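Single-structure report; data block below.
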Amino acid sequence: MKLDSTGCTDPGLIRAYNQDSYYIDPTGRFFIVADGMGGHAGGEEASRIATAEIRLYLEKNWQSSESSSKLLEQALSTANQAIVQDQQNHPERSDMGTTAVVVVIRPSESPVCGHVGDSRLYRLRESQLQQITEDHTWIAKAMKMGDINADEARVHPYRHVLSSCLGREDLNQIDIQLLNLEHGDRLLLCSDGLTEELIDEQILAHINDVPSLEQAAQSLVEAANEQGGHDNITVVLVSVET
32 MKLDSTGCTD
42 PGLIRAYNQD
52 SYYIDPTGRF
62 FIVADGMGGH
72 AGGEEASRIA
82 TAEIRLYLEK
92 NWQSSESSSK
102 LLEQALSTAN
112 QAIVQDQQNH
122 PERSDMGTTA
132 VVVVIRPSES
142 PVCGHVGDSR
152 LYRLRESQLQ
162 QITEDHTWIA
172 KAMKMGDINA
182 DEARVHPYRH
192 VLSSCLGRED
202 LNQIDIQLLN
212 LEHGDRLLLC
222 SDGLTEELID
232 EQILAHINDV
242 PSLEQAAQSL
252 VEAANEQGGH
262 DNITVVLVSV
272 ET
């Protein structure tokens, strides 16, 4: 499978610092986006630890006989443990945590996605944008139960309340799922700094039929800032060429 990819991150227009982190494996094996929380130093450190630990685990165990799903689950669990350990070593960062969304593509298996929190994975196929991940938030559960609708969710005061994130001893939700990829598909990994500002139809408009991934990524960031840029914005775009 031949892939093209790009990524960019921006602090937005309100915050003076950036708590997001991302990583693109140079050979296209895996892609990571993390969105930290817990104050300036805490959020930056949490997302940095998560990205570094996930990367290290995947690199060290890439040739393992474990399935991609198990490999990714263990990588996320290892990142969680590393953040918890850092909290214990640095009590001033005891409330830090981070979301994470990761795509792993190994040649002998179906691609997989894993996530914790509300950073998302989308797939664009034939001009149709589909959200692949389901947010680990109070608001997502309320919508699933039919208690509120999408319009209410976008302005609800509890929309940022996470039901799961990395950096918790009682981490209870790591979602892993297989991905179906076809020639021409595009994947978007992003932090909620993008999805808080742009609805899915707007996201689609900025990445559909744009030949250059770099232009599409920059266009998304600029559009989120034009809508207010209230949070850090991170996007990773992956194109399936063959």
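Okay, so the sequence shown: first residue is 32 according to our numbering, each after it adds one.
All residues carry an ideal CB built from backbone N, CA and C; glycine is no exception.
Everything numeric in this text was worked out from a predicted model, so none of it was measured.
Between residue i and residue j, what straight-line distance do the alpha-carbon atoms span, to the nearest angstrom?
i	j	result
E140	L34	16 Å
R137	S96	12 Å
G59	E75	25 Å
G145	I85	11 Å
I170	R190	5 Å
A81	K172	25 Å
G260	L102	35 Å
E104	R79	18 Å
L160	D51	23 Å
A106	A47	30 Å
Excluding the 5 residues flanking residue i on each side, which residues of the same chain have their C-beta closer than 7 Å to its C-beta?
i	result
A255	G224, L225, E228, L229 and I264
N92	L102
H237	A247, S250, L251 and A254
Q258	E228 and L229
Taking C-alpha atoms, which residue in the options lies nearest to residue i?
i	options	result
N239	L219, Q258, T82 and E84	L219
S270	F61, Q116, S96 and G43	F61
D275	E232, T37 and A72	One cannot answer for residue 275 here, as it falls past the ends of the chain, which runs 32 to 273.
I114	L44, G145, R199 and H191	R199
D126	I207, E84 and A72	A72
D149	Q204, V252, L87 and L209	Q204
S158	E272, A106 and G215	G215
M68	V267, A131, Q258 and L209	A131
S194	L209, T168 and M174	T168
L268	D262, Q258, P242 and E257	P242
P42	D66, T129 and D166	D66
Q208	Y53, M176, V133 and Y54	V133
Helix, strand or coil for residue i? Go by DSSP, reduced to three states.
i	result
Y153	strand
L202	coil
L218	strand
L210	coil
D56	coil
H146	strand
D166	coil
D126	coil
G38	strand
Quick one: what's got a C-beta closer than 6 Å to residue i's C-beta in the same chain, skipping five residues either side?
i	result
N111	L197 and L202
S99	V135, R137, E140 and V143
Practice item. Decide if the stretch 147-163 is in contact with the stretch 230-250; the criterion is three or more beta carbon pairs, one per stretch, under 8 Å apart. Key: yes
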